[in-house]
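A.B. asks: What follows is a structure written as structure tokens; I'll ask about it next.
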């Protein structure tokens, strides 16, 4: 059964696919700092207003945006890794894109507060310092 943190990370990824802004904001801390691998601003999206801006950016640049979550795992320190493949098609250009990536989320008050990007999912999982199984 997923932890609350794993569920929040998965839910946020699902809201990107569905475009459900209220559901995205519901799992985000009011002071969230979010960076996207495909972000248009080159910086972090800060606060709930930043999440709204992120959705605006996604909708302006991409068609058929979809996030496939492969795995979520919570580390011993409470941070959560999410491994996913982001798929999109450029609006206007029609150029397809697929990127496999990972984030590590830090939570505050049970909500997503800050993410770290990883181009290599295995590096994210290693960064959680998971015990050997």
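In our numbering, the protein residues as written are 508 to 640.
Every residue, glycine too, gets a C-beta built ideally from N, C-alpha and C.
As the structure is a prediction and not an experimental result, all values here were calculated from the model.
(1) Does the contact criterion of 3 or more C-beta pairs under 8 angstroms hold for the segment 550 to 568 versus the segment 578 to 585?
(2) Would residue 516 pass as an interface residue toward chain B - the criterion being a Cβ-Cβ separation below 8 angstroms?
(3) Would you report the Cα separation of residue 517 and residue 589, rounded to the nearest angstrom?
(4) Determine contact between the segment 619 to 627 and the segment 528 to 548, defined as no fewer than three beta-carbon pairs at a distance below 8 angstroms.
(5) What three-state label does DSSP hand residue 509 in the structure shown?
(6) By alpha-carbon positions, which one of 536, 520, 618 and 631 ends up nearest to residue 593?
(7) Leaving out five residues on either side along the sequence, give the residues of the same chain with a beta carbon under 6 angstroms from the beta carbon of residue 628.
C.D. replies: So, from the listed chains and residues:
(1) Between the segment 550 to 568 and the segment 578 to 585 there are fewer than three C-beta pairs closer than 8 angstroms, too few to call the two in contact.
(2) Judged by its chain identifiers, the structure shown contains no chain B, having just a single protein chain.
(3) 7 angstroms
(4) yes
(5) coil
(6) 520
(7) 590 and 609
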